[in-house]
Amino acid sequence: MGTYILRRLLWTVVLLFFVTALTFLIFNVLPTADPAKLRAGRNQTPETVAAIRDQLNLDDPFLTRFFSYLGDLLFHFDFGTSVLNDEPVRPLIFEALPNTLMLVLGAAVVWFVIGVVIGTISAVKRGSILDRVAMTTALVAISAPVYWLGLVALYLFSSDLGVLGLFPAAGTYDASRGVFTSISSLFLPWLVLAAAFSAIYARLLRSNLLETMSEDYIRTARAKGLKERTVVFKHGLRSAITPIITVLGLDIGILLGGAILTESVFGIPGIGRLSFDAIQRNDIDIVQGATLFLALGVCTMSLLVDVLYAFLDPRVRY
Amino acid sequence: MSTISTELVEPESGLPAGEPGPVGIAARSPLQLFWRRLRKDWLALTALGIVLLIILTAIFAPVIVDLAGTAAPRTQNADLTGDFGEPLGPNAQASSPSADGTVAQAGPFGSDKLGRDVFSRTVYGSRISLLVAFIATAITVLVGVTLGLLAGYYRGWIDTLLTRVMDLMLAFPVLVLAIGIGVACSGAEGCLGGAIQPGLTVVIFVISLSTWPYMARIVRGQVLSLREKEFVEASRSLGASDRRIIFKEILPNLVAPIIVYSTVLIPQNILFEAALAFLGIGIDPSDPSWGAMISDAASIFREAWWYMTFPGIALLVTVLAFNLVGDGLQDALNPRTAK
C-alpha cells in the first residue's frame with residue numbers, strides 16, 4: 010500500500026508538470042493578443058510596448074520563460090502576475106477557490122443523497138410505475154443543459170424577478186459577507202448543478218444494486234431469514250454503493266474546473282469563472298495557475314478515491 | 014468472422030432449451046437478436062422517430078422556414094423590436110407601423126434583441142448542433158478506436174504511452190483547455206498553421222480532442238480481453254497475420270460497444286457544442302446556434318421568456334431523444350442489464 014501511494018504521488022507530480030507545460034505551450038504559442046499590448050493600455054506607443062515586452066521577458070526564448078515560470082512556482086510558490094491589473098495571481102486563486110468548493114461540495118452532497126435514495130427505491134421497486142417515472146425523469150435531467158436549467162430556475166424561483174420568489178437571486182452570493190450568511194444564495198445553484206448528477210447517480214446505483222441483488226450471498230442472506238430491509242441496506246446497498254464513491258470523487262475533481270457554466274449563470278466568483286474571464290483577456294498567468302490547481306484537484310481526488318477504495322472493498326489489493 | 018454471442022433461439026413450438034430438436038431451430042446472428050429486442054422497445058423506437066424528424070428538420074430547414082412564412086434566420090428587422098429595443102413575444106404585433114404602413118408581426122416563437130425570428134433560428138440551430146455532434150463523434154470514434162486497438166493489441170510501449178496520454182487528458186481541466194484553444198484558434202488566421210480555422214472547425218477540434226481518450230480507453234479494455242480469447246488464438250495458430258486478426262477477428266466484436274458508446278457520445282457532444290456556444294466560443298454570433306441563443310437570452314430572460322425557452326426546449330428534446338435511443342440500443346445489446 011505504501012509503495013503504491015508513493016508511486017501514485019510521483020506520477021501525480023509528473024502529470025502536473027506536463028499539464029503545466031501543455032498549458033504554457035497552448036497559451037504562449039497560440040496567443041491571440043500580445044500580453045504586452047494588452048497591458049500597455051489605450052495610449053500605447055511601440056516604445057512602451059517594447060519596454061513592457063522587455064520587462065515581462067517576453068522576448069526570451071520559450072524554454073527560458075517556461076523554466077523561469079516553473080522556478081518561481083516551485084521555489085517561491087509564486088504564480089506570476091495578472092497581466093491586466095498587475096495583481097499577483099496567488100491571492101486571486103485563493104479567493105476564488107473556496108467559492109467553487111462551496112458550490113461543488115454542497116451540490117455533491119445534494120446529488121449523492123438524491124441519487125442514492127432514488128436509485129435504491131427504483132431498484133427495489135423495479136418495473137413499478139415509481140421506477141419508470143423516476144428513470145424517465147432522470148433521463149430528462151441528464152439531457153437538460155445546466156445553464157439553461159439555471160436560467161429557468163431563476164425565472165421561476167428567484168426572489169427578485171422570479172415567478173415564485175423562493176430563493177435569492179443570481180449574483181447575490183458574496184463570500185465576503187461570511188460563508189454562512191451567503192449560503193442561502195447557494196441553494197438554487199446546488200439544486201441546478203446537482204440535477205444531472207443526481208440522475209446519473211440514481212441510474213448507476215439502480216443498475217449496480219440490481220446486479221448485486223442477484224448475487225448468491227443475497228440469496229443466502231434471505232435464506233437465513235433476514236428481513237428484506239436488512240438484506241437491501243446491509244448486504245445489497247453496501248456493496249452497490251462502493252463503485253459510486255469512486256465516481257463521486259472523480260466527478261468532484263473534474264467539476265472544480267467544470268462548474269464554469271453554473272458559476273456564470275448564478276454569478277458566483279469561482280475558479281471556473283476566474284479562468285474563463287482570464288482566457289478571454291488572454292491573462293496567461295491566471296489561466297496557468299488556475300489550470301494547475303484544477304489538475305491538482307483531479308489528481309488528488311483520483312488518488313484519494315483509489316486509496317479509499319481499498320478500505321471500502323476488501324477484495325481490492327495493491 | 015467469429016462472434017461470441019450466437020444464441021440458439023427456441024422455435025414457436027417451445028422445445029425445451031438445450032435439446033436440439035430435429036426441425037425449426039435456427040441460430041440467429043447477434044444482429045438479428047439485437048433487432049428483435051429493439052423492436053419491442055417502443056420508447057426507443059419513438060425516440061428514434063424523433064431523432065429522424067430532427068435530422069430531417071436540419072436538412073430541410075430552409076423549406077420549413079419558407080412554409081412557416083418566417084424571416085430568414087439572419088434577417089434583422091428593427092420593426093420586430095419594441096420601443097425600447099426589447100424583443101417581441103410570440104405572434105405579437107409591433108407597437109407602431111413600419112415604414113411601408115403595415116404592422117409587423119413576430120413569428121410563432123417571437124423575436125430576439127435584433128428583431129431576428131426565433132422560430133427560424135431555432136429550426137436552423139439544429140443544423141449546427143447535429144453537424145458538429147456528428148462530425149466530432151465520427152472523429153472521436155476514428156481516433157479512439159484506432160489508438161485503442163493499437164494499444165490493446167500490441168500492448169508494450171504503445172500501450173504505456175497511450176495510457177499516460179489518456180491520464181494526462183483526463184487530469185486536464187477539459188473545459189479550460191477547450192476554451193483556451195477555442196479562443197486561441199478563433200483569431201483571423203486560425204491556428205496550427207491554418208489547419209484549424211475559426212468557426213465550426215475549432216469547435217469540432219476541441220470536442221474531439223477532449224472526448225477521444227474515453228473512447229480509446231473503452232476500446233482498449235475490450236481488445237485486451239478479446240485478444241486472449243480462444244478464437245483469436247485459433248486464428249493465430251492457423252498463421253493469420255496481425256492485420257487479419259485485428260480486422261477479421263477483433264473488430265467485428267467491437268462493433269456493438271462502439272455503436273453504443275457513439276450513441277451516448279452524440280448527445281454529449283450536442284451539449285458540449287451548445288455549452289461552448291453559450292460561452293461564446295468558436296461560433297459566429299450571427300450563426301443560429303441553440304447555445305448562443307440561450308446565452309444571448311440570458312441577459313433578458315425575465316422580459317423575454319420565449320427567447321430562452323424555445324432553443325432550450327429544442328436542445329433538451331434533441332439530447333433526450335438521442336439518449337433514449339442510446340439507452341434502447343444498450344438494452345438490446347446487453348439484455349442482462351435491461352430494465
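Each protein sequence line maps, in turn, to chains A and B.
Count along the first sequence from 1, add 9, and you get the number used in our numbering.
Count along the second sequence from 1, add 13, and you get the number used in our numbering.
Ideal Cβ placement from N, Cα and C applies to all residues, glycine included.
What you are looking at is a predicted structure, and each value in this text was computed from that prediction instead of being measured.
Alpha carbons only, please: which of the options is nearest the one belonging to residue i?
i       : options                               : result
P86(B)  : S139(B), W48(B), W55(B) and P43(B)    : S139(B)
L83(A)  : L321(A), G298(A), G306(A) and V314(A) : G298(A)
N282(B) : T331(B), W318(B), R240(B) and D297(B) : T331(B)
I307(B) : L303(A), S273(A), L246(A) and I138(A) : S273(A)
A197(B) : S312(B), V215(B) and A184(B)          : V215(B)
M321(B) : C308(A), A287(A), L158(A) and L270(A) : L158(A)
S254(B) : A60(B), I68(B) and Y166(B)            : Y166(B)
L24(A)  : G169(B), A184(B) and L155(B)          : A184(B)
A311(B) : E224(A), L270(A) and F27(A)           : L270(A)
L18(A)  : F88(A), V240(A), T90(A) and V316(A)   : V316(A)
L101(A) : T309(A), M310(A), D294(A) and L321(A) : D294(A)
G161(B) : V245(B), V236(B) and I77(B)           : V236(B)
R141(A) : P252(A), I227(A) and A211(A)          : A211(A)
V201(A) : S193(A), L160(A), Y13(A) and V240(A)  : L160(A)
L219(A) : L79(A), R231(A) and G245(A)           : G245(A)
I141(B) : E262(B), A305(B) and G169(B)          : A305(B)
L143(B) : L181(B), I67(B) and V78(B)            : I67(B)
V125(A) : P70(A), I35(A), P252(A) and F320(A)   : P252(A)
L321(A) : F285(A), L283(A) and S248(A)          : S248(A)
I356(B) : A146(B), A229(B) and L284(B)          : Residue 356(B) lies beyond the residue range present for chain B, which begins at 14 and ends at 352; the question has no answer from this structure.
L329(B) : W55(B), L46(B) and V64(B)             : V64(B)
Considering only DSSP beta bridges, list what residue i is partnered with.
i       : result
F176(A) : S167(A)
A124(B) : As written in the sequence, residue 124(B) is Ser, which differs from the Ala given in the question. DSSP lists D130(B) as partners of S124(B).
P97(A)  : T90(A)
P55(A)  : DSSP output for P55(A) lists no bridge partner at all.
T229(A) : In DSSP, T229(A) forms no bridge with anything.
P100(B) : T94(B)
Q106(B) : Q118(B)
Name the chain B residues whose beta carbon is nearer than 7 Å to that of residue i?
i       : result
A304(A) : A184, F185 and P186
Y164(A) : F314, R315 and W318
S193(A) : By Cβ distance, chain B contributes nothing, its closest Cβ being about 21 Å from S193(A), past 7 Å.
Is the distance from the Cβ of residue i to the Cβ of residue j below 8 Å?
i       : j       : result
V131(B) : G120(B) : yes
W303(B) : G102(B) : no
L213(A) : V256(A) : yes
A328(A) : A205(A) : With chain A running from 10 to 327 in the structure shown, residue 328(A) is simply not present.
G262(A) : V296(A) : no
I258(B) : R249(B) : yes
A355(B) : A60(B)  : The displayed coordinates of chain B run from 14 to 352. Any statement about residue 355(B) would go beyond what the structure contains.
Q109(A) : G281(A) : Correcting the residue type first, residue 109(A) is Thr in the shown sequence and not Gln. Cβ distance < 8 Å, so T109(A) and G281(A) count as in contact.
V273(B) : G157(B) : no
D292(A) : V92(A)  : yes
A191(B) : S223(B) : yes
L303(A) : P186(B) : yes
L112(A) : G234(A) : no
A162(A) : S207(A) : no
S216(A) : L259(A) : no
F73(B)  : F323(B) : no
L289(B) : G195(B) : yes
Give me the chain B residues within the contact set of residue i, using Cβ-Cβ distance strictly less than 8 Å, ordered along the chain.
i       : result
G329(A) : Given that chain A is displayed from residue 10 to residue 327, the structure contains no residue 329(A) and the question cannot be resolved.
G160(A) : In the sequence as presented, Gly is not what sits at residue 160(A); that position holds Leu. Under the 8 Å cutoff, chain B gives I307, A310, A311, F314, M321 and G325.
V133(A) : Within 8 Å Cβ-Cβ: nothing; V133(A) doesn't reach chain B, min ~14 Å.
I288(A) : V189, I192, G193 and V196
V296(A) : V189 and G193
Please list the partners that residue i has in chain B, where partner means a Cβ-to-Cβ separation under 9 Å.
i       : result
F26(A)  : Here the premise fails: no neighbours, minimum Cβ distance about 10 Å.
I35(A)  : L190, G193, I194 and A197
A299(A) : P186 and V189
I269(A) : L188, V189, I192, A288 and L292
F285(A) : L188, V189, I192 and L292
Identify the contact partners of residue i in chain A, using a Cβ-Cβ distance below 7 Å as the criterion.
i       : result
L337(B) : L148
D180(B) : L24
Closer than 9 Å by beta-carbon distance: list the chain A residues that pair up with residue i, in chain order.
i       : result
V332(B) : I151, S152, A153 and P154
A287(B) : P154, Y156 and W157
Name, please, each residue of chain A whose Cβ falls closer than 8 Å to the Cβ of residue i.
i      : result
D54(B) : By Cβ distance, chain A contributes nothing, its closest Cβ being about 13 Å from D54(B), past 8 Å.
Examine chain D for any beta-carbon lying closer than 8 Å to the beta-carbon of residue i, and answer yes or no.
i       : result
L278(B) : Protein chains in the displayed structure are A and B, and chain D is not among them.
Could you give the uninterrupted runs of the alpha helix (DSSP H) lying entirely in the region 32–83 of chain B, keeping only those of 4 residues or more?
If we require 4 residues or more, the alpha helix (DSSP H) runs fully inside the region 32–83 of chain B come out as 43–52, 55–72 and 74–81.
At what residue ranges does the region 238–317 of chain A contain a whole run of the alpha helix (DSSP H), taking only runs of 4 or more?
247–267, 269–275 and 280–290
Taking only runs that begin and end inside the region 278–329 of chain B, name each unbroken alpha helix (DSSP H) of 4 or more residues, in chain order.
List check, alpha helix (DSSP H) in window: 303–311.
Which parts of the region 202–266 of chain B are runs of the alpha helix (DSSP H), unbroken and 4 residues or longer, counting only runs that do not cross its ends?
213–239 and 243–250
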